[in-house]
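Participant: Attaching a single structure in structure tokens format; questions to follow.
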Amino acid sequence: MRNLVLKLHIYAGLLTFTQLMIYGFAGLAATAQTAAERPKVPHTIRHTTFTPPPSVPDKEIADAVYRELKLPLTRPMPLFAIKRNADNDLQLDFYNINGIYRVVVLERENRLRIEEIRNSLAIFLEDMHATTMNDPEAPRLLRIWAFYNELAMWCLLTFVVSGLYLWLSAQARTWWAWGSFAAGTMTFAVLWMAFR
Amino acid sequence: MYTTIRSIHLLLASFSLPFLVMYGVSAVQMSHNSWFQMKPTVQERDLPLAPGQTDGRAIARDVMDRERTIKGEISNVQTSAATVSMRIVVPGTVHEVKYNAASGIAHVKTSVAGVMGMLNRLHHWAGFYREPLSAKVWALAVAIVSTALLLVGATGIYMWFTRRPERRIGLALLTINVVFAVTIMVMLRRGAP
């Protein structure tokens, strides 16, 4: 039995090794953040011609912009996300795993301003770790990643259970491992109570 | 060498165990929200403060001084001519405060999450910029557990490689994982459709 659980522990770990590393990096990236708000400084700005069709609602303009630009890893703009900026121009934020494509429809100039707000690698890894199968409209590549993330999530729980079993069934159960376990549990419990 | 690596693996994993359970269980909740009942307990009351205040932080301080159970990070401060509203947040508990400048009454709506809601909030809570002090201690714990997870992975790889019976299948699984994950990540980072 112990040998079987050990194999499960090892193979599950190897099959989801990269994801577990990403979870660790994501935790460190979140720790290093200095504010809840993410930086939104444009990485590149470009312009392109665009003549909005006359007498149509903002949603149709947003859909036309989406079809015209074909921005990678984005999806059609939902109605609630359509807004106007301080100059009263239509501002469309196309969110994606790498950041935001902020498209401003400059109707008087018949063109679009496209700002690419690119997330750092740390934020990218944070978002990769948070990708779930809850979003059926996500781009296919992200859904494939989400599927593997789901597997890694269950594997993480498997390690916890199998690791606990392997520790408790080992012949050499050292006092310092119990001490470490007690320290982790105490820390968690005290913080839980402090927040409650 | 093996004994030392194994000890490090065990030491880090045993410390991180409750945190990993929290991360694992809350990840299941976030991926399968419909499996869980997440309704928080809600309580509302009015607190009399001095009228005519306009500074959201001063109002929040006043609220926390008058009711000691209210504590946490101040966020979402919104001011208008007649009202100032804000949230005072700790993981699992949100106090929504709406202060009426004319009457000086602060209406406080407190939502306390259940166990799953609390796990969810803890999963998202990190960073030393957060208040109060307990949140900073939590941030330290997150940093330790994140580092531990990386080291547990690295030590696990070493221990697996020293075991001949699992080497061939393990190498195949690891290769599949690394090639797959790196390919997808590079494609996503480059914006491939």
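If you read the protein sequences in the order shown, they are chains A and B.
My numbering puts the first residue of the first sequence at 1376, with every later residue one more than the last.
My numbering puts the first residue of the second sequence at 296, with every later residue one more than the last.
All C-beta atoms, glycine included, are put in the ideal place defined by N, C-alpha and C.
Buried or exposed for A/F1499, going by 16 or more other Cβ atoms inside 10 Å?
Facilitator: That one is buried.
Participant: Helix, strand or coil for A/Y1470, going by three-state DSSP, please let me know.
Facilitator: Correct three-state label for A/Y1470: strand.
Participant: So B/S429 packs on A/S1555, CB below 8 Å; how close in whole Å?
Facilitator: 22 Å between Cβ atoms; not a contact.
Participant: Which whole-angstrom value is the C-beta distance of B/A449 and A/T1406, which I expect to be below 8 Å?
Facilitator: The pair is not a contact, with the Cβ atoms about 19 Å apart (cut-off 8 Å).
Participant: Nearest chain A C-beta to B/A436 closer than 8 Å, yes or no?
Facilitator: Closer than 8 Å to some Cβ of chain A, the Cβ of B/A436 qualifies, so yes.
Participant: Could you tell me which whole alpha helix (DSSP H) segments of length 4 or greater appear in the stretch 1413 to 1457 of chain A?
Facilitator: Listed in chain order, they are 1433 to 1444.
Participant: Closer than 6 Å by C-beta to B/P386: which residues in its own chain qualify, once you throw out the five before and the five after it? Chain order, please.
Facilitator: Counting only Cβ-Cβ distances below 6 Å, and skipping sequence neighbours, we find R416, L417 and W420.
Participant: Nearest-angstrom Cα distance between B/E461 and A/L1381?
Facilitator: Cα to Cα, B/E461 sits roughly 10 Å from A/L1381.
Participant: Going straight from the alpha carbon of A/W1550 to that of B/L306, what length do you get?
Facilitator: Computed Cα separation, rounded: 10 Å.
Participant: Would you report the Cα separation of A/A1505 and B/G347, rounded to the nearest angstrom?
Facilitator: Distance between the alpha carbons of A/A1505 and B/G347: 44 Å.
Participant: Less than 6 Å between C-beta atoms, sequence neighbours within five positions excluded: which residues of the same chain meet that for A/C1530?
Facilitator: Contacts found: A1387 and T1391.
Participant: Would you mind listing the alpha helix (DSSP H) stretches within the stretch 368 to 403 of chain B that are 4+ residues and don't spill past its ends, in chain order?
Facilitator: Here no run is fully enclosed.
Participant: Of all the CB atoms in chain B, is at least one closer than 8 Å to the CB of A/T1419?
Facilitator: It does not: the Cβ of A/T1419 has no partner Cβ on chain B nearer than 8 Å.
Participant: On a CA-only basis, which of B/G412, B/Q338, B/A397 and B/G351 is nearest B/F331? Give me that one, please.
Facilitator: Per the Cα distances, B/G412.
Participant: Determine contact between the stretch 1527 to 1545 of chain A and the stretch 1440 to 1456 of chain A, defined as no fewer than three beta-carbon pairs at a distance below 8 Å.
Facilitator: Output reads no: the stretch 1440 to 1456 of chain A does not touch the stretch 1527 to 1545 of chain A.
Participant: Let me know the secondary structure DSSP gives B/P343 once reduced to three states.
Facilitator: Strand.
Participant: Can you list the residues of chain A that B/L305 reaches, using a CB-CB cut of under 7 Å?
Facilitator: Within chain A, the residues near B/L305 are W1542 and A1552.
Participant: Could you name the residues of chain A that B/E461 contacts, counting a contact when the two beta carbons are closer than 7 Å?
Facilitator: Chain A residues near B/E461: K1382 and I1385.
Participant: Going along chain A in order, which residues have a C-beta closer than 7 Å to the C-beta of B/V403?
Facilitator: By Cβ distance, chain A contributes nothing, its closest Cβ being about 17 Å from B/V403, past 7 Å.
Participant: Output the residue ranges of the beta strand (DSSP E) runs that lie fully inside the stretch 1456 to 1544 of chain A and measure 3 residues or longer, sorted by chain position.
Facilitator: Counting only runs of 3 or more, we get 1465 to 1471, 1474 to 1481 and 1486 to 1493.
Participant: Got a sec: is the Cβ-Cβ distance from A/M1396 to anything in chain B below 8 Å?
Facilitator: Cβ-Cβ to chain B under 8 Å: yes for A/M1396.
Participant: In this structure, does DSSP put B/Q338 in helix, strand or coil?
Facilitator: DSSP places B/Q338 in strand when its eight states are reduced to three.
Participant: For B/I372, which residues in the same chain have their Cβ closer than 6 Å to its Cβ, ignoring the five residues on either side in sequence?
Facilitator: It should be pointed out that residue 372 of chain B corresponds to Val in this sequence rather than to Ile. Correct list, in chain order: G351 and M381.
Participant: Should B/T405 be labelled buried (16 or more other beta-carbon atoms within 10 Å of its own) or exposed?
Facilitator: It is buried - the Cβ of B/T405 has at least 16 other Cβ atoms within 10 Å.
Participant: Could you tell me whether the Cβ of A/Q1408 comes closer than 8 Å to any Cβ of chain B?
Facilitator: Yes, because at least one Cβ of chain B sits closer than 8 Å to the Cβ of A/Q1408.
Participant: According to DSSP, simplified to helix, strand and coil, what is B/A405?
Facilitator: The question names Ala, but residue 405 of chain B in the sequence shown is Thr. If DSSP states are grouped into helix, strand and coil, B/T405 belongs with the strands.
Participant: Helix, strand or coil, according to DSSP, for B/G486 in the structure here?
Facilitator: Coil, per DSSP.
Participant: Short check: CB of A/R1493 to CB of A/G1474, under 8 Å?
Facilitator: In this structure, A/G1474 lies closer than 8 Å to A/R1493 by Cβ.
Participant: Output the distance between the C-alpha atoms of A/K1445 and A/V1479, rounded to the nearest integer angstrom.
Facilitator: Spanning the two alpha carbons is a distance of roughly 15 Å.
Participant: Under 8 Å between the Cβ atoms of B/I292 and B/A397?
Facilitator: This structure gives no information on residue 292 of chain B, because the portion of chain B shown stretches from 296 to 488.
Participant: In angstroms, rounded to a whole number, what distance separates the CA positions of A/I1385 and B/G451?
Facilitator: About 8 Å.
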